Each structure stands twice: as C-alpha cells, then as structure tokens.
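A.B. asks:
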Amino acid sequence: MDVIFDIDLVHTAKILELDRLVVIRFKYHQIINFIKENQETPSATIEKVFDCHREEDYQPNYQVSLSNLTDSPLISHGWQKAPNLLKLESKKIIKNYPFSPQNKDLFDLNSLQSVLLIPLLIKKENSPYKLPVLGFLILQKYHSKQWQIAEIETFKWIGKQISTTIVTQQTVAKVQSLVDERTSQLKTSLDVQAKLSNKLRFHLEELRRLNKIKDEFIASLSDALKTPLSNLRMGIKMLNVVNKNKNLQKYINILQDECEKEINLVNNLLALQQLQSNQLEIEQKKINIKPILDDLYNQFSQELHYRGIQLEINYDLDFIYTDANSINLILKELIYNATKFSVINSTISLILIVNRQQENYQITITNLGIEITAEDQKNIFQPFYQGSKIDNATNSGTGLGLALVKSLVENLQGNIKVSSLISANGEDFLNSFTLTFPQKVHEVF
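Residue numbers (this note's numbering): 263 to 707.
In structure tokens:
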C-alpha cells in the first residue's frame, strides 16, 4: 500500500470512529473463469496488506499475514456477493459465520458486532459477467452499527482507488521486469513512478465527502508533490532518450501521459484551493488574445487531428480586458473537456464575440458528443461531480476541471452557462459552454 494513502485511511478510520480497518487482497492459485455465474469460491490466499486498530491509536500495521479464502466463510460469502458489498450490522448475524483460527489476524472474534466488506474490483465496461475480485476493504465496529449511506459511498470510492492501486502496481511491475533487462537507470526511474503514481488520485475522492481530510491534504500538497512529480517527469524524459526497445516505448508513453495528468491535477487542485481561500493573485489588464488562442490551437490540434476531430477558433477582436493566466487556464480546461467527450469526425469550435452596447464579450466552446442532462447541468460545476452518462473510466476524470473553470470565471466577475441540444443527426448533442465577461470599453476599444 502507498504510505501517504495509508495515512489517509488512518484519518478516515479516526473520523468515522471505526474500531478496525483492514485491507486484504487475493492471490488466486489458478486462473479464474469469471464468465461463469454462481461458481464456487475459488482457492486463493488471503494477504493482509493494511491494518489499523482504535485500541492501538490507529497505528498502521504493515505485518503481512496469510490465510486461505476457503477457510473464511465470512469472506467467502463476500466473494460470492461481489460486486455487491456485504453488510452485517449485529453480532447475532455475524455468529452465523463460523470463524476458523486462521481468521484471528483479520477479526477480533470476541468483540466484532458490525462489519462492512467492500469488494475491490477490476472495472470492465458493459460486462455482463462477474467482475474480478482483487480483495476487500473491511470495516469493523465492536458494537452494533447501522452503516450510513454517506459512509458506504465514501468507502466504496476508497475501495475503487485501492483497486486502481493494485492494478497499477501490477502493471508497473511488468514494465519494471522489462526495464531490468535493459539498464539500471531505467529501473530507478520506474521505481520512482511506482512510488509516486496515483498518490493525488487517492485523495481526491476523500475530498468529496470529508472536508476535514480535504483541508489537511491540500495543506500538504504544495511542496510534497510538485518536486517529486517534476523529478518523475524528468526521469521519463530520460527514458525516452535512452530507450531503444519499441515494445517498451508504449509503456513509457503511458507513464508520460499519467505523469502529466498528475501534474495537471496538482496544479488545478492548488489553484482551486487558492481561489476558495482568496489567495490567488490576478492582474486584469488589456491583453492581446491572439497569442493565447494560437498556443491553444497548437497544443490541441495535432492530437485532435489523430482522432478525426477538428478545432476551429474564431474571434472578432484582438484585445480583451482580463487576467492572462486565468483566461488561458479556463479555455484550456474547456477545450480539454470537449476533447474527451467529442465524437469522431466532428468539430470543436471556440468563438469569441464582443457586445459593445452591453460592454461585455462572450466566449463559446461547442462540441458534438453525449447529452449533458438537465440534472448534470445543475451539478456539473460542483467539485468531483461525475456526469450521469459518463461510463468510461478513462474519460471520466476527477470532476475537478469544470469546478476550477467556474471559480476562475467568477473570480474575473464573469459567468458561465452550459447547454445541450440534440444535433441534426438526431443521435448526438451539441454541447456549449458560454462565458460572459465585462469589457472595459474605454481601455480596450
């Protein structure tokens, strides 16, 4: 487990007053055919990878213990119920599951009265079959407890992040084995990636439910992540320089993409926090918008071209009154958002027009993609909100970019509106984000 993420698990256990929090993962003894329905519990080793107790002041226990899945009726039942969670809220119900001596490292048999088992799953889109179970996040209380929906949702997301961590670490291990065959320098760089990758992502969903943890986490981000992520970026660049293996290159590209996403997340999160605490400095003045728009076009057009998407930018004035850094970040996030959800062979358009009578200017970014429902339009600018029709884990992001956009727009005394209308083809939707900003006529026109 990731040390920083373990600290957040401890914070969460304290806040929710859990008596014990355990993370286990399975090592299957043979390949499991998850296509079969209602199959018997497989032969697997249970590996405890994280453990903390209230009675030990939640000090993490990193001692690995092993047992067999078939020796634990409770965990076996949880495996059968997956992808649904297993919730037992009284000692009377728990007694229906006999405990073997091998369970003593996972449960306090004398004290346990309420337990929640969250399955750690490998997400597969639109799969009709049972999802592969990586392990469980086990929450324990030593008195009867009714688990609240907010608590369950929080830990379901944490379980998702732990699953992502396990899969990522397994993938990195495969890449590492290839690197070891080449040079020790490549091995060192991938070791750094294995330690740093996904740290920020683990924290983001906790921010959604636990404001207290959010404040503590953001306070520690600035210096703790920027430097190591910059080092990671440099290490990946070195990999690109020395690598001669075409098979390895695709893995290096994955590392590079994920590193840039992490850096972007850090910058966005810190900017949002600064906006919310009124610490972000802005300097509104007359600026030439053309260089900013040209840079955005150069940044996105080539990637979009490979995906069969065109980027069109039109504007009827050269100078606007705004903060250059803020408007650049706003437009970058909106184009990036449109890029993720545009259908192939379509166009993303950015139009800037001025209204001299009302002394304002508007920027509209439009793309052709999935519908933004009325409910989503109400919530789309909320931090960490995921659209109801977003079922692609790669495209879903963190739900932070549009929240940052709205905060930046309002910080510039502007407003933002979203619309989603059925297109002429009757299948896709024209989605538009319209920004309106005041324009200083006597200083610009």
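Where is the CB? At the ideal position from N, CA and C, for every residue including glycine. Please read all numbers here as calculations on a predicted model, not as lab measurements.
#1: Whole angstroms is fine: what's the gap from residue 361's alpha carbon to residue 334's?
#2: When burial is assigned at 16 or more other CB atoms within 10 Å of the CB, is residue 381 buried or exposed?
#3: Over what stretch of residues does the alpha helix (DSSP H) that includes residue 562 continue unbroken?
#4: Can residue 284 and residue 400 be called in contact, C-beta distance under 8 Å?
#5: Beta carbon of residue 339, beta carbon of residue 376: below 8 Å?
#6: Give the secondary structure of residue 656 by DSSP, where H, G and I count as helix, E and B as strand, and everything else as coil.
#7: For residue 344, which residues of its own chain have a beta-carbon under 8 Å away from its beta-carbon, when the five flanking residues on both sides are left out?
#8: Do you know offhand how far residue 287's Cα is from residue 319's?
#9: Determine, using beta-carbon pairs with one atom in the region 678-691 and one in the region 621-637, whether at least three such pairs fall under 8 Å.
#10: Please tell me whether residue 586 and residue 549 are closer than 8 Å, where the distance is taken between their beta carbons.
#11: Kindly indicate which residue of 667, 371, 691 has the alpha-carbon position closest to the one of residue 646.
#12: Could you tell me whether the region 365-372 touches the region 429-446, using the rule of 3 or more Cβ pairs below 8 Å?
#13: Which residues in the same chain have their Cβ closer than 8 Å to the Cβ of residue 331, if we skip the five residues on either side of it in sequence?
#14: What are the boundary residues of the beta strand (DSSP E) that residue 507 is part of?
#15: When DSSP labels each residue in this structure, what does residue 641 get in the three-state scheme?
#16: Which first and last residues belong to the alpha helix (DSSP H) in which residue 577 is found?
#17: Report yes if the C-beta distance between residue 615 and residue 623 is below 8 Å; otherwise report no.
#18: What's the gap between the Cα of residue 701 and the Cα of residue 421?
#19: So residue 306 is in the beta strand (DSSP E); what residue range does that whole segment cover?
#20: Have a look at 665, 699, 506, 501 and flag the residue whose alpha-carbon is nearest the alpha-carbon of residue 582.
#21: The beta strand (DSSP E) with residue 353 in it runs from where to where?
#22: Just the C-alpha distance for residue 402 and residue 424, rounded to the nearest angstrom, thanks.
#23: Could you give the distance in angstroms between the alpha-carbon of residue 589 and the alpha-carbon of residue 576?
#24: Can you tell which of 665, 617, 268 has its C-alpha closest to the C-alpha of residue 596?
#25: For the beta strand (DSSP E) that residue 622 lies in, which residues bound it at each end?
#26: When you compare only the Cα positions, how much space is there between residue 347 and residue 379?
#27: Helix, strand or coil: which one does DSSP assign to residue 682?
#28: With distances taken Cα to Cα, identify the nearest neighbour of residue 565 among 525, 648, 444, 606.
#29: Measure the Cβ-Cβ separation of residue 444 and residue 509 and say whether it is below 8 Å.
C.D. replies: Considering the structure as presented:
#1: Residue 334 has its alpha-carbon roughly 7 Å from the corresponding atom of residue 361.
#2: Residue 381 counts as buried, since at least 16 other C-beta atoms from the protein chains shown sit within 10 angstroms of its C-beta.
#3: Note, residue 562: alpha helix (DSSP H), 551-568.
#4: In this structure, residue 284 places its C-beta atom within 8 Å of the C-beta atom of residue 400.
#5: At least 8 Å separates the beta-carbon of residue 339 from that of residue 376.
#6: Since pLDDT at residue 656 reaches only 48, below the 50 mark, its modelled position is unreliable, and the value read off the structure follows with that caveat. In the structure shown, residue 656 sits in a helix (DSSP, three-state: H, G or I).
#7: Excluding sequence neighbours, residue 344 sits near 381, 383, 392, 393, 395.
#8: Rounded to whole angstroms, residue 287 to residue 319 spans 24 Å at the Cα level.
#9: Flag = yes, the region 678-691 and the region 621-637 touch.
#10: The answer is yes: Cβ separation under 8 Å.
#11: Closest by C-alpha distance to residue 646, out of 667, 371, 691, is 667.
#12: The region 365-372, when compared against the region 429-446, does not touch it at the 8 Å Cβ threshold.
#13: 288, 303, 304, 305, 306, 307, 308, 337, 338, 341, listed in sequence order.
#14: Looking at the DSSP string, residue 507 is not in any beta strand (DSSP E), and its letter there is neither H nor E.
#15: Residue 641: helix per DSSP, three-state reduction.
#16: Judged by DSSP secondary structure, residue 577 falls outside any alpha helix (DSSP H) and instead within the beta strand (DSSP E) spanning 571-577.
#17: Remark: C-beta atoms of residue 615 and residue 623 approach each other more closely than 8 Å.
#18: The alpha-carbon atoms of residue 701 and residue 421 are separated by roughly 48 Å.
#19: For residue 306, the enclosing beta strand (DSSP E) covers residues 306-315.
#20: With distances taken between Cα atoms, residue 582 lies closest to 699.
#21: From DSSP, residue 353 is part of no beta strand (DSSP E) but of the alpha helix (DSSP H) over 353-356.
#22: Answer to the nearest angstrom: the Cα atoms are 18 Å apart.
#23: When rounded, the distance between both Cα atoms is 16 Å.
#24: The residue with the shortest Cα to Cα distance from residue 596 is 665.
#25: Following the DSSP letters along the chain, one finds residue 622 inside the beta strand (DSSP E) bounded by residues 622-631.
#26: Straight-line Cα distance between these residues: approximately 6 Å.
#27: Strand, per DSSP.
#28: It is 606 whose Cα lies nearest to the Cα of residue 565.
#29: Taking a C-beta distance under 8 Å as the contact criterion, residue 444 and residue 509 do not qualify as a contact pair.
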